[in-house]
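Residue numbers (the numbering used here), protein chains in the order written: chain A, 16 to 272; chain B, 22 to 202.
Note that CB positions come from ideal geometry on N, CA and C, so glycine has one too.
Note that the structure is a prediction, hence the values are computed from the model and not measured.
Everything below concerns the one structure shown next.
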Amino acid sequence: MKWGNDLSTFVEKFRQYLKPGYYDEFDYHWTMTIDLDRCTGCEACVVACQAENNLPIVGEKRYAQNREIKWIRIERYWEGEYPDVKMGFIPMLCQHCDAAPCEIACPVFATYHNQDGLNTQIYNRCIGTRTCAVYCPYEVRYFNWFTYTWDEPLEQQLNPDVTVREKGVMEKCTFCIQRIRLAKDNAKDDDRRRVRDGEVVPACVQSCPTEAMAFGDSNDPEAKVSKMMKDPRGYTVLEELNTTPSIVYLKKAHAES
Amino acid sequence: MSISVLDALRPARKPALLGLVAVFGLLIGAWVHGKYFSDRSPVQPIEFSHKVHAADNEIPCQHCHIYADTTPVAGVPSVSKCIGCHKSLPSVRDQPEILKLMAFWENREPIPWIKVHDVPDFVHFTHKRHVKADLECQECHGPVETMDRITRVATMRMPWCVECHTEKNVEHGRDCWTCHK
């Protein structure tokens, strides 16, 4: 009898060790799909993000020092040799990995996985060790090396729903948490338990002129993203690292020549 | 001849007296600070009394703080809101505080009220959700209807928020991104 008890506690402990307090299932599982066939590299998403999330303009000198802050950036790459060159773009933003390396790194739990499958970043908790940026394989975490200011009329356009970050704080894409929060708030006003598909539109998705991006809850099989994810062109970046990103890219299709 | 310790203590008399005065001074200073200078109960530009308005005249909170149930901020009433009632109240028109109000109205200036209940900029707080969850205003703001000058009763700090969220079992009420933005 006693042996049985010991064994069950041991099994219990082992289970806890295997799953150290992480969510297995998400309430919502916010997911984004980006169709690279449609992406023209116009950087409208970059500008929209800059305006929505109070991103500072770091200036030419600090840009040269790799201290720019862009939660979403367009990476450009070339395919083929000179006469037959094709240019490709890939928008790179926080992948909100379900098994995120950055979350393991943070000593103060400023970044963790929440119940909506989002990779959070709590600015007032962050102590600026920058370990998460080192662990991130996608290089999408940005550190505030200075407290940036906005010139006289420009501070009027700051978004009141987003914190203005200070020196010594890490920051990254939040999937526009303020918009997710607003949609949930509106859903509660209508006595709805769930947010409807298409109610949450992050700034980058909203601004995309070719509608290359889609955003929604992949727990909902009827959502647009859930259907897009099943596309045979779908892949996740650096899949071999097993970070299980929440962003699915749809490959650029080339006509067989 | 008896031996007394009083003689030995005599040189310590003066510092002891000074110490006593200092303690009294500190106590009085703390009282004055709390009453007139602390951010818990600042002296407002007009000695507006919530007791007179909310208790004696039984005006409901949302008559003036009209946005409390529809937006994140409850809303400080505009001067025109005050004047709307006070122009038809000749009985109190000659009181000094009302004359101050009239001066603001005639100069077309807003009243520079001092904010008593404030949360830091990295906190998302919405009145709407709390009012719609059937919370009484007094649960956070204290017995406002008994106060002549508004005093902050709660600490307005995170442990205080989390305590209530835990107690009331708010859905995801302890997730950081529920309140931090």
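query                                                                                                                                                                 : result
How close, in whole Å, do the beta carbons of residue 234/A and residue 111/A come, if the pair is a contact with beta carbons under 8 Å?                             : That pair is no contact at about 14 Å.
With 8 Å set as the bound, which would you pick, yes or no: does the beta-carbon of residue 162/A sit closer than that to a beta-carbon of chain B?                   : no
Output yes if chain B places a C-beta closer than 8 Å to the C-beta of residue 196/A; else output no.                                                                 : yes
For residue 178/B, decide whether its Cβ has a neighbour in chain A, counting only Cβ atoms nearer than 8 Å.                                                          : no
Can you list the beta strand (DSSP E) stretches of 3 or more residues lying completely in the stretch 65-120 of chain A, in chain order?                              : 87-94 and 101-108
At 4 residues or longer, and completely inside the stretch 167-201 of chain B: list those alpha helix (DSSP H) runs for me, N to C.                                   : 179-188 and 197-200
Only counting runs of 4 or more residues, tell me where the alpha helix (DSSP H) segments fall wholly within the stretch 90-133 of chain B, in order along the chain. : 100-107 and 117-127
Would you mind working out which of 75/A, 19/A, 107/A and 68/A sits nearest residue 87/A, comparing C-alpha positions?                                                : 107/A
Measuring straight from C-alpha to C-alpha, what distance separates residue 251/A and residue 257/A?                                                                  : 10 Å
Skipping 5 residues on each side, what residues in its chain have a beta carbon closer than 7 Å to that of residue 52/A?                                              : 265, 267 and 268
Taking 8 Å as the CB-CB limit, is residue 52/B close to chain A?                                                                                                      : no
Could you spell out where the beta strand (DSSP E) holding residue 192/A opens and where it closes?                                                                   : Element bounds for residue 192/A: not the beta strand (DSSP E) but the alpha helix (DSSP H), 192-204.
Cβ of residue 261/A within 8 Å of Cβ of residue 126/A?                                                                                                                : no
Take residue 63/A as the anchor and find which of 209/A, 202/A, 244/A and 190/A has the nearest alpha-carbon.                                                         : 190/A
So, does the CB of residue 92/B fall closer than 8 Å to a CB anywhere in chain A?                                                                                     : no
Following the continuous beta strand (DSSP E) through residue 15/A, name the residue where it begins and the one where it ends.                                       : The structure shown does not extend to residue 15/A, since chain A spans only 16 to 272, so no value can be given for it.
Any C-beta of chain A within less than 8 Å: which residues of the stretch 132-154 of chain B qualify?                                                                 : 141, 142, 143, 145, 147, 149, 150 and 153
Roughly how many whole angstroms lie between the Cα atoms of residue 159/B and residue 146/B?                                                                         : 17 Å
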